[in-house]
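Going by our numbering, the final residue of the sequence shown carries number 124, and the count climbs one at a time with no gaps. Beta carbons: idealized from backbone N, C-alpha and C, even for Gly.
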Amino acid sequence: MNETGMFQKADNFLDYVIVGAGLYLIYGALSMKIASRIPKSLVSRNIDIDNAPHKDDYISNMFLPSIVLGLILVLCGLTTWVLPVAGITVPEKTPMITSLVAMSLVILFGIFSMNMQKKYLQKD
């Protein structure tokens, strides 16, 4: 069995997931800004979005971080595809490093998002 090929497929799958998450985050941010509606998939289950006291403040505070994180995730996911096609050689550990960076940013964004939900979407 070719272990290198097996791990390459797993890295590619993780890159697809990272790009997909980034695109969905951008979509969610644009949806919040344009339609003034918060996607239920971007907030906790215990938050009643329809009766949230400060939805507009939440949207204005989450829009830019969501767009920025979405773009960073897309770039992290595309790094191992785009750079080699452009003729730029990347170190062997690049897929692992970009995946770790993406996961770390998602965790930090989750903490930030939970704080914003407590501040703006939960009843006082």
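Can you tell me whether DSSP reads residue i as helix, strand or coil?
{"i": "residue 61", "result": "helix"}
{"i": "residue 38", "result": "coil"}
{"i": "residue 28", "result": "helix"}
{"i": "residue 89", "result": "coil"}
{"i": "residue 84", "result": "helix"}
{"i": "residue 66", "result": "helix"}
{"i": "residue 52", "result": "coil"}
{"i": "residue 123", "result": "coil"}
{"i": "residue 188", "result": "Nothing can be reported for residue 188: it is not among the residues displayed for the chain, which extend from 1 to 124."}
In the DSSP assignment, the alpha helix (DSSP H) including residue i goes from what residue to what residue?
{"i": "residue 94", "result": "94 to 120"}
By Cβ distance below 8 Å, which residues in the same chain neighbour residue i in space, the five residues on each side in sequence not counted?
{"i": "residue 63", "result": "29, 32 and 33"}
{"i": "residue 36", "result": "55, 56 and 59"}
For residue i, collect the residues of the same chain with a Cβ closer than 6 Å to its Cβ; drop the 5 residues on either side in sequence, then sort them by chain order.
{"i": "residue 57", "result": "120"}
{"i": "residue 54", "result": "120"}
{"i": "residue 38", "result": "32 and 49"}
{"i": "residue 70", "result": "22, 25 and 26"}
Can you tell me whether residue i is buried or exposed, with buried defined as 16 or more other CB within 10 angstroms of its CB?
{"i": "residue 89", "result": "exposed"}
{"i": "residue 43", "result": "buried"}
{"i": "residue 109", "result": "buried"}
{"i": "residue 102", "result": "buried"}
{"i": "residue 41", "result": "exposed"}
My assumption, with CB atoms under 8 Å, is that residue i sits in contact with residue j. Please give the rounded CB distance.
{"i": "residue 80", "j": "residue 15", "result": "6 Å"}
{"i": "residue 19", "j": "residue 78", "result": "6 Å"}
{"i": "residue 105", "j": "residue 22", "result": "Actually they are not in contact, since the Cβ atoms of residue 105 and residue 22 sit about 10 Å apart, beyond 8 Å."}
{"i": "residue 59", "j": "residue 117", "result": "So it is not a contact: roughly 12 Å between Cβ atoms."}
Report yes or no: is there a C-beta of chain C within less than 8 Å of the C-beta of residue i?
{"i": "residue 107", "result": "The chain labelled as chain C is not found in the depicted structure, where only one protein chain is given."}
Could you pull out every residue in the same chain whose Cβ sits closer than 7 Å to the Cβ of residue i, ignoring the five residues on either side in sequence?
{"i": "residue 66", "result": "25, 28 and 29"}
{"i": "residue 76", "result": "18, 98, 101 and 102"}
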